[in-house]
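**Student:** Structure provided below as structure tokens; questions to follow.
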Amino acid sequence: MIVVASDHAGVGLKAQIIRVVEESGRQVRDLGPADESSVDYPDFAHLVAEAVAGGEAQMGILICGTGIGMSISANRHPGVRAALCHDAFTAEMARRHNDANVLCMGARVLGVGVAEQITRVFLDSEFEGGRHQRRVEKIEIEWEES
Ligand code: RB5
């Protein structure tokens, strides 16, 4: 299951990206919003991050104007590795080296064709493991009170 959400700036691109995920044969769930009425991006980032962190979804996709607010918000959730990707290369490396499980994109930054390509590459690329496994494990740290 792939969960997808946006804010008002990303609603149009979200529909196109959902179609790309469906065409790949994967199950997809649209977590909103349904129209372009103004909303707050963290509300939707948290919905997707909770679904991924809780194991209901294998991966998530988040779209806002720049992708920045979505990535900052989603990365507050332990176990979520949200990557803001701008092209096929960053999408591929986010999966191969960082085991990213949430793809963030900026609807005001990317053309539709590039966003669709990023999505396909992100979904189809595999984590390499090996030395990258150790590094990914070091992302999750327990902060000690001083
Ligand atoms: C909304 O205007 C915009 O701030 C939002 O879509 C996003 O770019 C935030 O990071």
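Residue numbers for the sequence shown follow my numbering, so the first one is 97 and each next one is one higher. A virtual CB, placed ideally from N, CA and C, is assigned to each residue, including glycine.
(1) Can you tell me whether GLY165 sits near the ligand RB5, meaning its C-beta is under 7 angstroms from at least one heavy atom of the ligand?
(2) Taking a contact to mean a Cβ-Cβ separation below 8 angstroms, would you say SER167 touches ARG191 in this structure?
(3) Ends of the beta strand (DSSP E) at LEU199?
(4) In angstroms, rounded to a whole number, what distance separates the CA positions of ASP183 and HIS193?
(5) Among the residues of its own chain, which have a CB less than 6 angstroms from the CB of GLY156, if the five just before and after it don't count?
(6) According to DSSP, is MET155 helix, strand or coil?
**Tutor:** Looking at the atomic coordinates:
(1) If you check the C-beta of GLY165 against the ligand RB5, you find a heavy atom less than 7 angstroms away.
(2) Against a cut-off of 8 angstroms, the Cβ pair of ARG191 and SER167 comes out as no contact.
(3) Per DSSP, LEU199 belongs to the beta strand (DSSP E) from 198–202.
(4) The alpha-carbon atoms of ASP183 and HIS193 are separated by roughly 16 angstroms.
(5) Correct list, in chain order: VAL99, VAL144, VAL148 and VAL198.
(6) DSSP, reduced to helix, strand and coil, places MET155 within a strand of the structure shown.
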